[in-house]
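Heads up, the thing below is written out as structure tokens.
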Amino acid sequence: MTHISRFLTSILTVISMVTLNAQNMHMYISDAGNFNQPPWQILKFDANGENGEVFISSHLAWPQDILFLEKDNIVLISNLNSGQILRFNATSGAYVNIFANAIGGPTRMEIGPDSLLYVLQWSGNGKVRRYHLDGTFVDEFTSVGVTTSIGLDWDTSGNLYVSSYNGKFVQKFSPSGTDLGKFISTNLAGPTNIWFDHNGDLLVNDYNAGAVKRFDSNGVFKSVFISDVPQCEGVDFLPDGSTIIGIGGTAAVSVFNSSGSLTNTIVPSGSLGLITPNAVVLRHDPSTTAIDNPPSYKEMNIVTPSIGVFFQFASSDLMPSGSIADVCTTSGVMMKKIMASDSAFWDASDLPDGMYVITLTLRDKTIARQKIMVQR
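Heads up: the sequence shown is residues 0 to 375, going by numbering that gives the first Met the number 0.
In structure tokens, the structure reads:
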């Protein structure tokens, strides 16, 4: 399920980088440096690639992924060398403590359909581990291990897919973690991040081939979606559907449109000493004044209908141009961000059935809120 894999699948109006910046969205980049040797760092930029700063530089040991727990103002960083997932303050980047340890080289982390944290292991037994969001270990979810696992996503049926870098394949598991065999076993040289698009195709960052490859819902190779991206790994998506990719071969981060064409290099080569951008995460930062000025909520119909899979944003003079709506579970887990444009349609088929809360900031700075039910 595409983020859950972070892929924004709505049919939306393209907005500019200036608008993104105005919406207080930032981009965070994990820099794996020289892999098992430093320097290692987490960088922070405006969404348009400007105003870069070193956000975290201590306690890291070959960082792999970045995941924000907004409710706790915590950002989790997985570290392959130490076998730990660490907590840092999401505002300041200050180290807090250990979230989980004794993991066989944790790589990718995602919050799953059950609101648990799924963690991949590069080494050890290679099984996917699950944790509560307080760091309590739940179980080893998958029935078999996947060696050098480094990418994961879910399809709309709840099946889990895990990529193996050295194995050059993508494994498929049922919603209960039962092994369903290899989903892709050819046309890969070293897969890293994977994600499903709204058509049901699986996109794969093929690190060693320097390309993003497209496979159909049966795992059959279709085409090269993006080429000339050597050592591609970190990935996230802009609200207009553009793909942001961290490219280790150029030590840069670039943006590609829905056709796979290069739009721009948003973070130029070597910015702030960047070497290996192995994770890229966009975050719509919460208001820094929320403690002193608690937000005022307004219940209103942001989308119609309130139950279903396909929704349409209501036309309202209260919504500023370029508004970004947050979609969360009722327990506060962020599932995705979508562009809220008048009369734009949103396809929520990548979310599991259940109750969700949509929020967005209105022109008068109050926060519109609506409960919806995704139901097939």
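Even glycine gets a Cβ: it sits at the ideal position worked out from N, Cα and C. These numbers were taken from a predicted model, which means no experiment stands behind them.
Go ahead and pull the three-state DSSP assignment for residue i.
i           : result
residue 30  : strand
residue 289 : Interpretation of residue 289 is limited by its pLDDT of 45, a score under 50 that renders its predicted location unreliable; no figure is taken from the coordinates.
residue 139 : strand
residue 269 : coil
residue 52  : strand
residue 70  : helix
residue 328 : strand
residue 373 : strand
residue 82  : coil
residue 62  : strand
residue 130 : strand
residue 253 : strand
residue 222 : strand
residue 88  : strand
residue 147 : coil
residue 346 : strand
residue 18  : Bear in mind that a pLDDT of 38 at residue 18, under 50, signals an unreliable position, so the number given afterwards is only what the model happens to contain. Of the three classes helix, strand and coil, the one that applies to residue 18 here is helix, per DSSP.
residue 169 : strand
residue 5   : Below a pLDDT of 50, predicted positions are generally treated as unreliable, and residue 5, at 45, falls in that range; the measurement from the model is reported next regardless. Note: residue 5 maps to coil in three-state DSSP.
residue 155 : coil
residue 36  : strand
residue 302 : strand
Just reading off the beta strand (DSSP E) that residue i is part of, what are its end residues?
i           : result
residue 194 : 190-195
residue 333 : 333-339
residue 178 : 178-183
residue 354 : 353-360
residue 99  : 94-99
residue 283 : 276-283
residue 245 : 242-246
residue 162 : 159-163
residue 260 : Run containing residue 260: none; DSSP gives neither H nor E here.
residue 187 : It is not in any beta strand (DSSP E) - residue 187 carries neither H nor E in the DSSP assignment.
residue 210 : 210-214
residue 40  : 40-45
residue 311 : 309-312
Roughly how far, in whole angstroms, is the beta-carbon of residue i from the beta-carbon of residue j, given that I think they are within contact range, below 8 Å?
i           : j           : result
residue 281 : residue 108 : Rounded, the Cβ-Cβ distance is 16 Å, inconsistent with contact.
residue 37  : residue 272 : With 8 Å as the limit, residue 37 and residue 272 do not qualify as a contact, their Cβ atoms being about 11 Å apart.
residue 171 : residue 180 : 6 Å
residue 75  : residue 119 : Not confirmed; about 13 Å, so no contact.
residue 157 : residue 124 : Not quite, the Cβ-Cβ distance comes to about 23 Å (not below 8 Å), so this is no contact.
residue 324 : residue 306 : Wrong, their Cβ atoms sit about 17 Å apart, outside the cutoff.
residue 160 : residue 190 : At roughly 10 Å, the Cβ-Cβ gap does not stay under 8 Å, so residue 160 and residue 190 are not in contact.
residue 366 : residue 48  : Between residue 48 and residue 366 the Cβ distance is about 28 Å, and since that is not below 8 Å, they are no contact.
residue 72  : residue 89  : 5 Å
residue 257 : residue 245 : Actually they are not in contact, since the Cβ atoms of residue 257 and residue 245 sit about 19 Å apart, beyond 8 Å.
residue 296 : residue 368 : 5 Å
In the DSSP output, what is residue i paired with across the bridge?
i           : result
residue 105 : 120
residue 297 : 367
residue 322 : 339
residue 201 : 195 and 214
residue 237 : According to DSSP, residue 237 bridges with nothing at all.
residue 75  : 66 and 86
Return no unless some Cβ of chain B is closer than 7 Å to the Cβ of residue i.
i           : result
residue 279 : Of the chains in the structure shown, none is chain B; there is only one protein chain.
_the stretch 269-278 contacting the stretch 337-356, beta-carbon criterion three pairs below 8 Å_ = no
Assess, as a yes-or-no matter, whether the stretch 137-148 is touched by the stretch 179-187 under the definition of 3 or more beta carbon pairs within less than 8 Å.
no
Evaluate contact between the stretch 64-80 and the stretch 306-315, counting only Cβ atoms and requiring at least three cross-stretch pairs below 8 Å. Verdict: no, contact absent.
Would the stretch 211-228 count as touching the stretch 37-54 if we require 3 or more Cβ pairs under 8 Å? By the C-beta criterion, the stretch 211-228 is judged not to be in contact with the stretch 37-54, since fewer than 3 inter-stretch pairs fall below 8 Å.
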